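In the numbering used here, the protein residues as written are 9 to 152.
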Amino acid sequence: MVDVHVSDLVVTDTQLISLPKIVGDNGALIVAELGAGLPFVVRRIFTLLDIPRDEARGTHAHRQCEQFLICMKGSVTAVIDDGTHRQEIVLDSPTVGLYMPRLTWGTQLNYSSDALLLVLASDPYDADDYIHDYGEFRALKSRS
């Protein structure tokens, strides 16, 4: 279970959003309503899997793109940073997603061997939207 609760988040404008799980005799369904349950319109979807446990992914921020991370299977640690506050959140349930607004530095690490991370993004891929230098990120945050 995700070990950080909504009230425990300290990184500016990030959110943990519960996704409804509907259980029936024939299985379960987890729903994320586009436009209703998510804070942006999804324009890109990608998954991360087969990541070695000692590898870090992300390690960047976006100028404009917003993201919503859901660990569909296994577990992954999401590190979020707003330039002032930094927080680690273990994602290990497909019923909770982590919303990361623009200008949030994000790193994902400690992938379990069976981890499957689904990322919903507000924008198509744009190399110019990425900020890979933490100093540049902090400078942009101080001006925003």
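All C-beta atoms, glycine included, are put in the ideal place defined by N, C-alpha and C. Note that the structure is predicted; figures quoted are calculated from it, not measured.
Three-state secondary structure (DSSP) at Phe145? In the structure shown, Phe145 sits in a helix (DSSP, three-state: H, G or I).
Which residue from Ser121, Asp90, Tyr138 puts its Cα closest to that of Gly82? With distances taken between Cα atoms, Gly82 lies closest to Ser121.
Member of Ile78, Tyr142, Arg51, Asp58 whose CA lies at the smallest distance from the CA of Thr112: Closest option to Thr112, Cα to Cα, is Tyr142.
At a cut of 8 Å, does the stretch 48-59 reach the stretch 91-98 through at least three beta carbon pairs? The stretch 48-59 vs the stretch 91-98: no contact.
Helix, strand or coil for Ser121, going by three-state DSSP, please let me know. If DSSP states are grouped into helix, strand and coil, Ser121 belongs with coil.
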